[in-house]
Amino acid sequence: MTFNEIERQIKLYKHQGKKLFATSSFQTQSVVLLHIISQIDKDIPVYFINTGYLFPETILYKNLLQKKFEINVFDLKPIVPKILQKDNQGNLLFTSDPDYCCFLNKVQPLDAILADYDVWINGVRADQSKIRSKLFVEDFAPHNVVRFHPLINWTKQMIYDYIKEHNFPHHPLEDKGFVSIGCEPCTRKIVTDDERSGRWYGMNKTECGLNTDLIIEK
């Protein structure tokens, strides 16, 4: 979708009386959607899923972009405290059950937010993974929420061309070899051309659940 198409669709949602929100992980590639939202409607709330395991650099980058774009950012934190996020041996769940760790720290907090909105603006792209390649511009989430994916058909090159055109700052860790940046315990530098190869390295896991658990096929 072009900027004008995204703007037209967002205005249509609002004309229909729908409540919109966006989510962002505040990685370098996140800057494109955040900028577009800031140009269309700065009042759209942006939820930053702060798991408590993020790199300090991600927090700094989030603060930088929030100030630069003057957007309305809310920290979304886990409902279950870390002291209760342990297995039977007392180990934190990211060491033994990363799927459940993601559920408690990402999926569950966002699911609670979905009930208050009608449209979720999500910056996923089809070229990021096989799972995401099956998504459409509009999909559906629990609580009768529409998932709006305005960048689904954008490529990685288009994203970086946009960033270069506007001279946006990069995430501080990108120059150190990190591309897809999530929680610190589960993120490494990329080792292949796959931009998500550094996530959950060595595990049979490619998604945190936001784009698998919080989607309903219709």
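The numbering of the sequence shown is my numbering, which starts it at 9 and goes up by one. Every residue gets a Cβ at the ideal spot worked out from N, C-alpha and C, and that includes glycine. Please read these numbers as outputs of a predicted model, since none were measured by experiment.
Unbroken beta strand (DSSP E) stretches of 3 residues or longer found wholly inside the region 110-153: 127-129 and 146-149, given in chain order. Each of 122, 161, 117 and 74 was checked against the Cα of residue 27, and the nearest Cα belongs to 122. Of the candidates 100, 101, 78 and 150, 78 places its Cα closest to the Cα of residue 49. Take residue 34, set aside five residues on each side of it, and the residues of its chain with a beta-carbon closer than 7 Å to its own are 56, 66, 69, 70 and 73, in chain order. In this structure, 61 is the residue among 138, 167 and 61 with its C-alpha nearest to the C-alpha of residue 106.
The C-alpha of residue 187 lies about 10 Å from the C-alpha of residue 180. Here residue 127 is buried: its Cβ has 16 or more other Cβ atoms, across all protein chains shown, within 10 Å. With respect to the C-alpha of residue 146, the residue from 172, 157 and 13 having the closest C-alpha is 157. For residue 80, the three-state secondary structure derived from DSSP is strand.
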